[in-house]
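S.K.: Residue numbers (full-length UniProt numbering), protein chains in the order written: chain F, 1 to 216; chain G, 1 to 216. From the three backbone atoms N, C-alpha and C, an ideal C-beta is built for every residue, glycine too. Bear in mind the structure is a predicted one, so any value in this text is a computation, not a measurement. There's a structure below that I have some questions on.
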DNA sequence: CAATTACGCTACTCCTCAGTAGCGTAATTC
DNA sequence: GAATTACGCTACTGAGGAGTAGCGTAATTG
């Protein structure tokens, strides 16, 4: 569609400091992007308005549009700015599968489990309605996260903690924690407690793998 | 807020045939309600418009508003018209837990698994944005469905198919199939195949319960 | 200093969509 | 027939929200 594939509207070739005129104020870009994710944790995609991003960050809406051409571009930039889960590059290794799974649950990625779940839900429903967003959400959010679980399970097999015969079930079981917790947030009335994650891990994932949870 | 709690705007006390004037044409009410659910299976709640319900059913939008006061009322009526899952009153009993679980998966409720899942997702996101809809969706859709799974698991314990020690895990395990399948639809790119349901039942639910699936 | 570019602001244009007004007409009861 | 009420239609109001125009001002380079 557009000439360029980048999210940013501004794409001057000069490295920004070599030009005449007032330079961009990038000091609050991070604030804008995290505020966008805040709103996406609170409301549905359609109810996130750029007017509100503007007032919350103290920037003018017109300034936002000078940097991101459309609302979708801003959302995509916010997703990208959040980055992949840190566990992708630094797989937890606490000695037991159970401890490793809990480490992922307790990951600070996207602001911790509560904010992360809310963002998951709203991004997922946004993706369902936008062919542009769908692949990005999948590639940047859903898949990397599930992949961390998958790798933990695979490593548990290598360690001998889980029977090798269960390898074919790993892709499915890797989705159990994300699926059950988003469902709990979506169908339940309140926030998802940590005890719920623990129960999912012990009573569903580890139980299905035949691992006796070493309860402390 | 309103004087009455009913969905319908029209609430004349006379039983409709005892009045002068042209009577209501109820012959296509069912079509309107099922078309509303069709749209809710295709799109997000916010993108379901009464204009489209009107054109698809061949009724005038004004006529719809004569019968249902607001869009929410129409949605609620459509949900209620779909009724509870038939399994609530007629729990499948095919001899094995596995067969019973599959029977629920294959239930025609809400038009079969594909339409049912799509409606689940969109109703859930609608519920998140509307305090009015949320309790109704939970009471009429989510809870009855999960409850069917719960009762099947409880009965498997009574039958001796599942160890009695696992009873405390039943409420959690009852949500596994709905959670995993909505997640698959939401995070995946295509429709959810029946083989996915089978894998969830065999490799997650039955595995977590220590039941050896009698694969055929 | 002049030129240039970003920012904040107010105000605007479009568009979509919930919900309504009013009219002519169709189907009833008496 | 008269009265009454529902239907379909076109047209409208009003709110919300994406995205823009234009202006005065702030921060740079030269």
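Under the rule that 16 or more other beta-carbon atoms within 10 Å means buried, what is residue 212/G, buried or exposed?
M.R.: Here the question's residue 212/G lines up with position 212 in the second chain. Residue 212/G is exposed by the Cβ-count criterion.
S.K.: Using Cβ-Cβ distances below 7 Å, what residues of the region 94-115 of chain G are close to chain F?
M.R.: none
S.K.: Counting along the chain, where does the alpha helix (DSSP H) carrying residue 97/G start and finish?
M.R.: On the second chain, position 97 is the one that residue 97/G refers to. Run containing residue 97/G: 97-105, per the alpha helix (DSSP H) assignment.
S.K.: Count the other CB atoms, across all protein chains shown, that sit within 10 Å of the CB of residue 183/F; report buried if there are 16 or more and exposed otherwise.
M.R.: What you label residue 183/F is simply residue 183 of the first chain in a count that begins at 1. Residue 183/F should be labelled buried.
S.K.: With a threshold of 8 Å between beta-carbons, can residue 130/G be considered close to chain F, or not?
M.R.: Here residue 130/G corresponds to residue number 130 of the second chain, with the count starting at 1. For residue 130/G, the answer is no, since every Cβ of chain F falls outside 8 Å of its Cβ.
S.K.: Using C-beta distances below 7 Å, list every residue in its chain close to residue 154/F, excluding the 5 sequence neighbours before and after it, in chain order.
M.R.: The residue given as residue 154/F occupies position 154 in the first chain. Cβ within range, chain order: 170.
S.K.: Counting only Cβ pairs nearer than 7 Å, list the residues of chain G close to residue 142/F.
M.R.: Within the first chain, numbered from 1, the residue matching residue 142/F stands at position 142. The contacting residues are 187.
S.K.: Would you mind telling me which residues of chain G sit closer than 9 Å to residue 125/F, beta carbon to beta carbon, in chain order?
M.R.: Position 125 of the first chain holds residue 125/F. Result: 44, 121, 122, 124, 125, 128 and 186.
S.K.: Check whether the Cβ atoms of residue 78/F and residue 37/F sit closer than 8 Å, and answer yes or no.
M.R.: One-based indexing of the first chain puts residue 78/F at position 78. One-based indexing of the first chain puts residue 37/F at position 37. Yes, they are a contact pair.
S.K.: For the region 94-105 of chain G and the region 193-209 of chain G, state whether three or more C-beta atom pairs, one from each stretch, are separated by less than 8 Å.
M.R.: yes
S.K.: Cα separation between residue 45/G and residue 123/G?
M.R.: Position 45 of the second chain holds residue 45/G. Position 123 of the second chain holds residue 123/G. Rounded to the nearest angstrom, the two C-alpha atoms are 7 Å apart.
S.K.: Compare the C-beta of residue 26/G with all C-beta atoms of chain F and state if any pair is closer than 8 Å.
M.R.: The residue labelled residue 26/G in the question sits at position 26 within the second chain. No, its Cβ sits nowhere closer than 8 Å to a Cβ of chain F.
S.K.: Quick one: what's got a C-beta closer than 7 Å to residue 82/G's C-beta in the same chain, skipping five residues either side?
M.R.: Indexing the second chain from 1 puts residue 82/G at position 82. So the list reads 37 and 110, once near-sequence residues are dropped.
S.K.: Report the rounded CA-to-CA distance for residue 150/F versus residue 167/F, giving the unit in angstroms.
M.R.: Residue mapping note: residue 150/F aligns to position 150 of the first chain, counting from 1. Residue mapping note: residue 167/F aligns to position 167 of the first chain, counting from 1. Rounded to whole angstroms, the gap between the alpha carbons of residue 150/F and residue 167/F is 10 Å.
S.K.: Mind reading off the beta-carbon distance from residue 59/F to residue 28/F? Whole number of angstroms is fine, and I expect it under 8 Å.
M.R.: What you label residue 59/F is simply residue 59 of the first chain in a count that begins at 1. What you label residue 28/F is simply residue 28 of the first chain in a count that begins at 1. That pair is a contact at about 7 Å.
S.K.: In whole angstroms, give me the CA-to-CA distance for residue 92/G and residue 162/G.
M.R.: Position 92 of the second chain, counted from the start, is the residue given in the question as residue 92/G. Position 162 of the second chain, counted from the start, is the residue given in the question as residue 162/G. Between residue 92/G and residue 162/G, the C-alpha separation is close to 17 Å.
S.K.: Give a yes or no on whether the C-beta atoms belonging to residue 32/G and residue 57/G are separated by under 8 Å.
M.R.: By 1-based counting over the second chain, the position of residue 32/G is 32. By 1-based counting over the second chain, the position of residue 57/G is 57. The Cβ-Cβ distance between residue 32/G and residue 57/G falls below 8 Å.
S.K.: Below 8 Å on the Cβ atoms is my guess for residue 85/G versus residue 144/G; work out the distance and round it to an integer in Å.
M.R.: Sequence index remark: in the second chain, residue 85/G carries index 85 (1-based). Sequence index remark: in the second chain, residue 144/G carries index 144 (1-based). That belief holds up - the Cβ atoms of residue 85/G and residue 144/G are roughly 6 Å apart, short of 8 Å.
S.K.: Who are the near neighbours of residue 48/F in its chain, counting only those whose CB is closer than 7 Å to its CB and skipping five residues on each side?
M.R.: Taking the first residue of the first chain as 1, we reach residue 48/F at position 48. 39 and 40, listed in sequence order.
S.K.: Under 8 Å between C-beta atoms, does residue 198/F make it to chain G?
M.R.: To locate residue 198/F, count along the first chain from 1; it is residue 198. Not closer than 8 Å to any Cβ of chain G, the Cβ of residue 198/F fails to qualify, so no.
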